[in-house]
Amino acid sequence: MKTIKYIGALFFFIIINACNNDDDNNGLRVVYEESFIETSFLEAGETLPPAVNWSEERGTFSATTLPNTAPDDLFSRDNLSIDEETGVLSWDRSIPLGETEVFITASNSIESATITVTIKNSFVEGLFYGGFNNDVTDNSNESFGSGNSINFTKEGTAGLLGISDGDIFSMEGTWIIDGSIMIVNFDNNNRVLKGIVNGRRGEPAATFNGEWGEGLDQNNNIENINGAFRFSLEGE
0 MKTIKYIGAL FFFIIINACN NDDDNNGLRV VYEESFIETS FLEAGETLPP AVNWSEERGT
60 FSATTLPNTA PDDLFSRDNL SIDEETGVLS WDRSIPLGET EVFITASNSI ESATITVTIK
120 NSFVEGLFYG GFNNDVTDNS NESFGSGNSI NFTKEGTAGL LGISDGDIFS MEGTWIIDGS
180 IMIVNFDNNN RVLKGIVNGR RGEPAATFNG EWGEGLDQNN NIENINGAFR FSLEGE
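Residue 222 in numbering that gives the first Met the number 0 sits at position 223 of the sequence shown, with consecutive numbering throughout.
Here's what the structure looks like:
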């Protein structure tokens, strides 16, 4: 019986030693609880600290979104931040819609390792207020009307309520979004809106700006542009 126990203990020691040798060969490893994180539009958040098999010297963390977001690094724009000591990755409500790849490096004077964490930010719903103009010249100084609202529901429907020549009108349609680019198709007169949805740290909390017109071509570009629009979401 003692012989069996001895052999068992020796076998366990061999396994542990082999794992340790494996760790040495693999070098520095960084593991976050989640490498693919899903969040909703205008929600700030952060990760838990990663597990790191530092050797003798504890190091620090750095991160970047380049080259994927060139020319801007989202860390320099303060959409994202990383704690250099703990490796906790944080994002505020202005992080772009869609998927953002974050390249995180843990390093000390001896070794370094880089891993990728992906944050998927999804638009869900929102009530935006704003207006339209009939400018097709890309004149940023052109004024926009007001008194209009668009309600985007999580079911994918869009309801426009507005005033034209003193009369109240409404339109129903659907919305789709790819990254931060939203397309709204209304049932009336083949009306289409196409623009960019951006979250912001201040007020308004978010904006939806772009062009409106009739019809979409095979590349989802508006066929007949009639003007521009500017809407904002307040108080989130």
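Where a beta carbon is used, it is the ideal one built from N, C-alpha and C, also for glycine.
Which residues bound the beta strand (DSSP E) around I167?
D166 to D177 is the span of the beta strand (DSSP E), which, as asked, contains I167.
On the premise that E37 lies in contact with L47, defined as a C-beta separation below 8 Å, what is that separation, rounded to the nearest angstrom?
L47 to E37, Cβ: 15 Å. No contact.
Less than 7 Å between the beta carbons of A43 and N132, yes or no?
Going by C-beta atoms, A43 is not nearer than 7 Å to N132.
Is it buried or exposed for L159, if we count other Cβ within 10 angstroms and need 16 for buried?
L159 should be labelled buried.
Report yes or no: do the stretch 110-119 and the stretch 209-229 share at least 3 C-beta pairs separated by less than 8 Å?
No: fewer than three Cβ pairs fall under 8 Å.
Nearest CA to the CA of N107: which residue from S121, G97, W53 and F74?
Here the closest residue by C-alpha is W53.
For G155, which residues of its own chain have a beta-carbon under 8 Å away from its beta-carbon, when the five flanking residues on both sides are left out?
Correct list, in chain order: T173, W174 and I175.
On the DSSP bridge list, what partners appear for W211?
W211 is bridged to L192 and G226.
Cutting at 6 Å between CB atoms, please list the residues of its own chain near G86, excluding the five before and the five after it.
Around G86: P48, P49 and F60.
Under DSSP, the beta strand (DSSP E) around V116 begins and ends at which residues?
It spans S111 to S121 - the beta strand (DSSP E) in which V116 sits, taken as one unbroken run.
In three-state DSSP terms, what is Y31?
Coil, per DSSP.
Can you give the Cα-Cα distance for I180 and G58, rounded to whole angstroms?
The alpha-carbon atoms of I180 and G58 are separated by roughly 39 Å.
Could you tell me whether the Cβ atoms of N93 and R229 are closer together than 7 Å?
One point to set straight first is that residue 93 is Ser, not Asn, in the sequence displayed. No, the pair does not count as a contact, with Cβ atoms beyond the cut-off.
Less than 7 Å separating the beta-carbons of N147 and G161?
A contact, by the Cβ cut-off of 7 Å.
Between the C-alpha atoms of T63 and A112, what's the straight-line distance to the nearest angstrom?
Near 14 Å, if we compare the C-alpha coordinates of A112 and T63.
Specify, as a first and last residue, the run of the beta strand (DSSP E) that E100 falls within.
Here the beta strand (DSSP E) through E100 covers G97 to S106.
Residues in its own chain within less than 6 Å of S236 by CB, not counting five upstream and five downstream?
Examination of residue 236 is not possible in this model, given that the chain is present from 0 through 235 alone.
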